[in-house]
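In this note's numbering, the protein residues as written are 1 to 228.
Every residue, glycine too, gets a C-beta built ideally from N, C-alpha and C.
Here is the structure we will look at.
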Ligand SMILES: Cc1cc2nc3c(=O)[nH]c(=O)nc-3n(C[C@H](O)[C@H](O)[C@H](O)COP(=O)(O)OP(=O)(O)OC[C@H]3O[C@@H](n4cnc5c(N)ncnc54)[C@H](O)[C@@H]3O)c2cc1C
């Protein structure tokens with residue numbers, strides 16, 4: 001990852017900071033390179049989608065996935081959020097991951113290690129059945145490679161009941177904090193433990209459904225599942 005504000009090399013395909021995405025606070029933590037941003041997006045599963053209806057801000061947590069230079073999210077066709085965004089409303093799309101508790105020798109310098117992405121734009125309704133199906137397949141394959149082909153295909157009714165929107169990744173910035181606490185020089189002499197407590201997202205052992213048909217084997221992809 002290069003840090004655009006921190007003076008790293010920038011490639012033609014990287015995101016260009018805009019008035020909205022230029023990171024001002026602790027700008028050395030800014031990441032605008034496409035690969036770095038996509039690595040964060042691909043590690044996440046839940047985003048927070050911000051939008052305004054009649055002057056009231058709403059922030060909705062929901063699952064998402066990336067396919068190429070777009071992110072997608074979906075839900076019930078009755079969802080107010082999706083109906084609103086499908087009309088091309090401005091949206092603020094955020095993904096954040098907690099990587100560690102940074103315990104400094106003072107409360108002031110205690111911090112959080114994190115990776116986060118914020119993207120702005122207008123959401124677009126995914127209308128064609130083919131694009132909807134391809135996006136759903138990409139979502140499923142990302143988490144559980146090989147599963148989609150084994151599932152019962154969605155019915156026309158199920159597709160109708162599902163609304164999907166996408167956001168083109170154009171105006172985007174990421175911010176990343178890593179490493180130990182940064183204490184005031186004189187505080188390093190204090191008898192206070194300091195360091196980082198890493199935080200990771202761990203999947204547990206798979207639990208068979210109580211109505212699992214006898215003889216159905218647990219698929220191999222469940223052994224290597226990684227989220228975050
Ligand atoms: C898990 C987590 C915990 C955090 N905890 C704290 C905390 O306790 N206190 C605190 O002050 N900050 C915290 N942050 C950082 C916080 O997200 C903001 O970056 C910070 O508060 C500065 O906000 P600002 O509006 O002044 O930033 P500015 O630099 O003014 O923001 C300008 C633009 O930069 C972009 N930007 C800003 N922050 C981010 C970001 N995190 N990711 C991607 N793009 C960004 C946005 O496009 C924004 O419009 C945390 C972040 C994460 C992910």
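Per DSSP, cross-strand counterpart(s) of residue i
{"i": "residue 72", "result": "65, 166"}
{"i": "residue 56", "result": "53"}
{"i": "residue 121", "result": "91"}
{"i": "residue 116", "result": "96, 175"}
{"i": "residue 227", "result": "According to DSSP, residue 227 bridges with nothing at all."}
{"i": "residue 197", "result": "101"}
Under the three-state DSSP convention, the category residue i falls into
{"i": "residue 29", "result": "helix"}
{"i": "residue 148", "result": "helix"}
{"i": "residue 16", "result": "coil"}
{"i": "residue 44", "result": "coil"}
{"i": "residue 111", "result": "strand"}
{"i": "residue 139", "result": "helix"}
{"i": "residue 220", "result": "helix"}
{"i": "residue 128", "result": "coil"}
{"i": "residue 202", "result": "coil"}
{"i": "residue 37", "result": "helix"}
{"i": "residue 214", "result": "coil"}
{"i": "residue 208", "result": "coil"}
{"i": "residue 190", "result": "coil"}
{"i": "residue 10", "result": "coil"}
{"i": "residue 182", "result": "coil"}
{"i": "residue 4", "result": "Residue confidence is low: residue 4 scores 43 on pLDDT, short of 50, so the model does not pin down where it sits. No coordinate-derived value is stated."}
Where the beta strand (DSSP E) through residue i begins and ends
{"i": "residue 177", "result": "171–177"}
{"i": "residue 93", "result": "90–103"}
Extent of the continuous alpha helix (DSSP H) to which residue i belongs
{"i": "residue 160", "result": "156–160"}
{"i": "residue 81", "result": "80–86"}
Contact belief for residue i with residue j at Cβ below 8 angstroms, rounded distance in angstroms
{"i": "residue 51", "j": "residue 90", "result": "7 angstroms"}
{"i": "residue 228", "j": "residue 200", "result": "7 angstroms"}
{"i": "residue 172", "j": "residue 119", "result": "4 angstroms"}
{"i": "residue 117", "j": "residue 94", "result": "7 angstroms"}
{"i": "residue 99", "j": "residue 198", "result": "7 angstroms"}
{"i": "residue 97", "j": "residue 115", "result": "5 angstroms"}
{"i": "residue 161", "j": "residue 77", "result": "5 angstroms"}
{"i": "residue 123", "j": "residue 165", "result": "4 angstroms"}
{"i": "residue 29", "j": "residue 14", "result": "Actually they are not in contact, since the Cβ atoms of residue 29 and residue 14 sit about 16 angstroms apart, beyond 8 angstroms."}
{"i": "residue 184", "j": "residue 109", "result": "7 angstroms"}
{"i": "residue 88", "j": "residue 82", "result": "Contact doesn't hold; Cβ gap of about 12 angstroms is too wide."}
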